[in-house]
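When we follow our numbering, the leftmost residue of the sequence shown carries the number 16, and every step to the right adds one.
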Amino acid sequence: MALRGYQRSFLRGLAHALQPVVHVGHEGASDAVGAALDEALTAHELIKVRMHQPTDKRALAGLLATRAQAQLCGLVGHTAILYRAHPTAPQIRLPQRAAPGDGTGDGTGDGTPDATPDATPDATPERD
Numbered sequence: 016m017a018l019r020g021y022q023r024s025f026l027r028g029l030a031h032a033l034q035p036v037v038h039v040g041h042e043g044a045s046d047a048v049g050a051a052l053d054e055a056l057t058a059h060e061l062i063k064v065r066m067h068q069p070t071d072k073r074a075l076a077g078l079l080a081t082r083a084q085a086q087l088c089g090l091v092g093h094t095a096i097l098y099r100a101h102p103t104a105p106q107i108r109l110p111q112r113a114a115p116g117d118g119t120g121d122g123t124g125d126g127t128p129d130a131t132p133d134a135t136p137d138a139t140p141e142r143d
């Protein structure tokens, strides 16, 4: 599943307070790094990966995301933000936008009406 821009932005906001849990050294994307990424993403879903001065950080971040079957949410300096939903029990609920014209107007896209009822003349209390 490809992430939309607003979902990547949401995940970058969540990742702001996180510390890098995987560090990529001079060897780059080795088998040990792949195993560490898989373990960290299974445990946390959203992680930061610190890369030690890669020659092409965008290419390395993309390679790491591909190897881990994760989505690259952002790249800040030498730190990549990766997301992969847990296969059985996802902890992070991604925001969803309503499809145009679904009539709900609440932005959830789940087809339920807004939480606040519309004000109608019948619902207005009478004054004494």
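Beta carbons are placed, not taken as given, at the ideal position from N, Cα and C, and that holds for glycine. Everything numeric in this text was worked out from a predicted model, so none of it was measured.
Boundaries around Thr94 are those of the beta strand (DSSP E), Thr94 to Tyr98, since no alpha helix (DSSP H) includes it. Val91 sits exposed, since fewer than 16 C-beta atoms from the chains shown fall within 10 Å of its C-beta.
Under the 8 Å Cβ criterion, the region 91 to 102 counts as touching the region 24 to 37, having at least three qualifying pairs.
In the DSSP assignment, Lys63 is bridged to Ile96.
Taking 8 Å as the upper bound for CB-CB distance, Cys88 and Arg27 are in contact here, some 6 Å apart.
The three-state reading of DSSP puts Leu109 in coil, since its state is none of H, G, I, E or B. Between Gly49 and Arg82 the beta-carbon gap is near 5 Å, inside 8 Å, which marks them as a contact.
Secondary structure note for Leu87: it is in no alpha helix (DSSP H), and the uninterrupted beta strand (DSSP E) holding it is Gln86 to Val91.
In the DSSP assignment, Gly20 falls within the unbroken alpha helix (DSSP H) covering Gly20 to Ala30. According to the DSSP assignment, Val39 belongs to the beta strand (DSSP E) that extends over Val37 to Val39.
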